[in-house]
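Residue numbers (mature numbering (1 follows the signal peptide of the UniProt record, and there is no 0)): -20 to -1, 1 to 570. In this text, a Cβ means the ideal position worked out from N, Cα and C, and glycines have one as well. Since we're looking at a predicted model, the values are computed, not measured. Note sheet for the following structure.
Following this line, the structure appears as structure tokens:
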């Protein structure tokens, strides 16, 4: 009996100390303040139960709380309607701006301030509905006491020191449920808010996505900026500037070559036609690259607005997409024809092949067939992470471009290999290095174009195979914009150098051709025999120049004719021989 009596006395006197760990601590610096007011982003005045009494302490203040609230209210713009409602807003405001309860110490008449905490189930419900469980932990603990920051039902305080009871209970806060959708009107940087309306039947939103706005998810009001934050702004500027400059240089170079070989050239052979048609395709590709100048540059073409990519609804975008597709199909077809013709000429030296009148309609029909249908169904759109207007759907890309390109590359690879083999056999058996020199330019031209096509083909498969790794990192991006100012947050994408190389391959064709043929002997000969250098004024200038004692050579350059006794025509080498299928079959090397 004595033992039980002792145990009873022990529990009676020491139970409060054993149970003290359940009591939440009282911060002597805590006090109640009126709400300082809404910011342009955070509208808590509508959702606080008592705006005149907000709990603050030496470790928490309303200014820092509003900064956190601004961040989370921006984040709400990227969530769906299940999150954007009064229940979520009230919960969020109560977490960072808890209501303040006051207890009066009767002995000292001093006010004791206590925060009214948000309920655990409320916190869990909101974080799950808003899909931010990875960014906000509702099981956080008080740093000093180790008790839950979000209690299950209530918090208990021991107020005996202040003249109160030892188990003062304060219920946690659980706002009333509400399904009314409330649009926040803001998003975390670099995302950009765009309001959109629900369809009449409530099944979805308006057609903002068809206009070029890309939302972070189907229910979101936050759009991804254009261009996408794959690279820094400086890197994007470099990409767009490189595209603009190369397109303009390529356009000027290819126009010069087209005028040279198709307009002022008096003795055009079929290889001049092949070369001119290929250059004509390059002109169109370059025009597609320079259409952006009509709206302020490639950046403005790709991104008419800061959060909108160009679509087929934009006239400049639709034109750039169709011209580019038509032109590049033309280019790869003439490339394959040139490869075949070069091989045929070398393989069958004494045979003539006159298929130009068949090539032209076939190339036009194929090019139109692979471009017009895409325009009709609105497939030409700009990409958020691209510098060119092109086919949007991967399926259509495969059927209307990559498939034909793969077929052409197979043909090109075959004929290029055969050309090299035939040249090797001829040079090995006859030891005529002049023959190899004669075919060097057309072969080099084909090889350069071939290598760019190969790069584009391989790059496409590289992007498709890596797309999950590149664009599947949205969680990292979200984590970045939540925890930082968003300036350096990036969506993982292809390497900057690979995109820059892709720009180079698409825009360099005119420069390639100009480097090979811009000042070749035949080009100089065409210009020296043209009307431009053979009119009355030009003749007077030449006469004056001649009389000054400076000797000149007719045609602008001295030439050494090397005639090979063959029945060959020059190949597509518009920078080599002067003969044609309508002229004697001698080849003249300059």
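Simplified DSSP assignment, three categories, for residue 335: Numbered from its first residue, the chain shown carries residue 335 at position 355. Here residue 335 sits in coil by DSSP.
Closest by C-alpha distance to residue 335, when choosing among 392, 72, 251: Sequence index remark: in the chain shown, residue 335 carries index 355 (1-based). Closest by alpha carbon: 251.
So, using beta-carbon positions, are residue 203 and residue 211 closer together than 7 Å? Locating residue 203 in the chain shown gives position 223, where the first residue counts as 1. Locating residue 211 in the chain shown gives position 231, where the first residue counts as 1. Result no, Cβ atoms of residue 203 and residue 211 do not sit closer than 7 Å.
Assigned secondary structure, residue 501 (DSSP; H/G/I helix, E/B strand, else coil): One-based indexing of the chain shown puts residue 501 at position 521. Helix, per DSSP.
Just list the alpha helix (DSSP H) runs in the region 31 to 83, keeping only unbroken ones of 4 residues or longer that don't cross its boundaries, in chain order. 42 to 56, 66 to 76
Classification of residue 54 by the beta-carbon crowding that lies within 10 angstroms, buried from 16 upward: Reading the chain shown from its first residue, position 74 is the one you call residue 54. With 16 or more Cβ atoms within 10 Å of its Cβ, residue 54 is classed as buried.
Leaving aside the five residues before and after residue 142 along the sequence, list all residues of the same chain whose C-beta is less than 6 Å from its C-beta, in chain order. Here residue 142 refers to the residue found at position 162 when the chain shown is read from its first residue. Only 85, 92 meet the Cβ criterion.
Starting from the Cα of residue 263, find the closest Cα among 471, 230, 69 and give me that residue. Numbered from its first residue, the chain shown carries residue 263 at position 283. Selected option, being the one with the closest Cα: 230.
Does the count of Cβ pairs from the region 288 to 305 and the region 216 to 230 closer than 8 Å reach three? no
Can you name, in chain order, every residue of its own chain whose Cβ lies under 7 Å from the Cβ of residue 609, other than the five neighbours on each side? This structure leaves residue 609 out entirely; the chain is present only between -20 and 570.
For the region 93 to 106 and the region 45 to 53, state whether three or more C-beta atom pairs, one from each stretch, are separated by less than 8 Å. no
Please check the pair residue 113 and residue 107, which I expect to be a contact at CB under 8 Å, by giving their CB distance rounded to whole angstroms. Taking the chain shown and counting its residues from 1, one reaches residue 113 at position 133. Taking the chain shown and counting its residues from 1, one reaches residue 107 at position 127. Sure, about 5 Å apart at Cβ, within 8 Å.
Candidates 430, 209, 14, 390, of which the one nearest residue 475 by Cα: Stepping through the chain shown from its first residue, residue 475 is reached at position 495. Ranking 430, 209, 14, 390 by Cα distance to residue 475 puts 209 first.
With C-beta atoms as the reference, is residue 35 less than 7 Å away from residue 8? On the chain shown, position 55 is the one that residue 35 refers to. On the chain shown, position 28 is the one that residue 8 refers to. Going by C-beta atoms, residue 35 is not nearer than 7 Å to residue 8.
The beta strand (DSSP E) with residue 380 in it runs from where to where? Reading the chain shown from its first residue, position 400 is the one you call residue 380. No beta strand (DSSP E) holds residue 380; DSSP gives it neither H nor E.
For residue 227, tell me which candidate among 167, 368, 205, 117 has the shortest Cα-Cα distance. As a first step, residue 227 must be located in the chain shown, where it is residue number 247. If we check each option's Cα against that of residue 227, 368 comes out closest.
Residue 12: first and last residue of the uninterrupted beta strand (DSSP E) it sits in: As a first step, residue 12 must be located in the chain shown, where it is residue number 32. Residue 12 -> beta strand (DSSP E) spans 11 to 13.
For residue 12 versus residue 59, is the C-beta distance shorter than 7 Å? If you number the chain shown from 1, residue 12 lands on position 32. If you number the chain shown from 1, residue 59 lands on position 79. Taking 7 Å as the Cβ cut-off, residue 12 and residue 59 do not qualify as a contacting pair.
In terms of residues, what are the limits of the beta strand (DSSP E) holding residue 136? One-based indexing of the chain shown puts residue 136 at position 156. Its beta strand (DSSP E) spans residues 134 to 137.
Residue 92 (DSSP reduced to helix, strand or coil): Along the chain shown, one-based indexing puts residue 92 at 112. DSSP places residue 92 in strand when its eight states are reduced to three.
Among 100, 279, 123, nearest to residue 151 - alpha-carbon criterion: Stepping through the chain shown from its first residue, residue 151 is reached at position 171. Ranking the options by Cα distance to residue 151, first place goes to 100.
Whose C-alpha, out of 402, 383, 405, is nearest the C-alpha of residue 440? Taking the chain shown and counting its residues from 1, one reaches residue 440 at position 460. Comparing Cα-Cα distances from residue 440 to each of 402, 383, 405, the minimum goes to 383.
On a CA-only basis, which of 215, 322, 29, 325 is nearest residue 479? Give me that one, please. Walking along the chain shown from the start, residue 479 turns up at place 499. Among 215, 322, 29, 325, the Cα nearest to that of residue 479 is on 215.
From 246, 341, 22, 405, pick the residue whose C-alpha is nearest to that of residue 323; which is it? Position 343 of the chain shown holds residue 323. Ranking the options by Cα distance to residue 323, first place goes to 405.
What is the DSSP secondary structure of residue 160, counted as helix, strand or coil? Along the chain shown, one-based indexing puts residue 160 at 180. If DSSP states are grouped into helix, strand and coil, residue 160 belongs with coil.
Give the range of the beta strand (DSSP E) segment to which residue 514 is assigned. Reading the chain shown from its first residue, position 534 is the one you call residue 514. Residue 514 -> no beta strand (DSSP E), and no H or E assigned at all.
Under DSSP, the alpha helix (DSSP H) around residue 354 begins and ends at which residues? Here residue 354 is taken as the residue at index 374 of the chain shown, counted from 1. Residues 352 to 356.
Flag residue 436 as yes when its Cβ comes closer than 6 Å to any non-hydrogen atom of the ligand FMN, and as no otherwise. No copy of the ligand FMN appears in this structure; indeed no ligand is present at all.
Check whether the Cβ atoms of residue 271 and residue 300 lie closer than 7 Å to each other. The residue you call residue 271 lines up with position 291 of the chain shown. The residue you call residue 300 lines up with position 320 of the chain shown. A contact, by the Cβ cut-off of 7 Å.
Taking the alpha carbon of residue 45 as the reference point, which residue from 15, 63, 56 has its own alpha carbon closest? Here the question's residue 45 lines up with position 65 in the chain shown. Checked all of 15, 63, 56; the closest Cα to residue 45 is 15.
Quick one: grab the DSSP three-state call for residue 439. Here residue 439 corresponds to residue number 459 of the chain shown, with the count starting at 1. Three-state DSSP puts residue 439 in a helix.
Buried or exposed, going by whether 16 or more other CB atoms sit within 10 Å of the CB of residue 287? Numbered from its first residue, the chain shown carries residue 287 at position 307. Buried, because 16 or more other Cβ atoms sit within 10 Å of the Cβ of residue 287.
Are the beta-carbon atoms of residue 290 and residue 487 separated by less than 7 Å? Counting from 1 along the chain shown, the entry for residue 290 is found at position 310. Counting from 1 along the chain shown, the entry for residue 487 is found at position 507. Taking 7 Å as the Cβ cut-off, residue 290 and residue 487 do not qualify as a contacting pair.
Please work out which residues of its chain come closer than 7 Å, Cβ to Cβ, to residue 157, disregarding the five sequence neighbours upstream and downstream, and give them in chain order. As a position in the chain shown, residue 157 is number 177, starting the count at 1. If we look at residue 157 and ignore the five residues flanking it on each side, its Cβ neighbours are 67.
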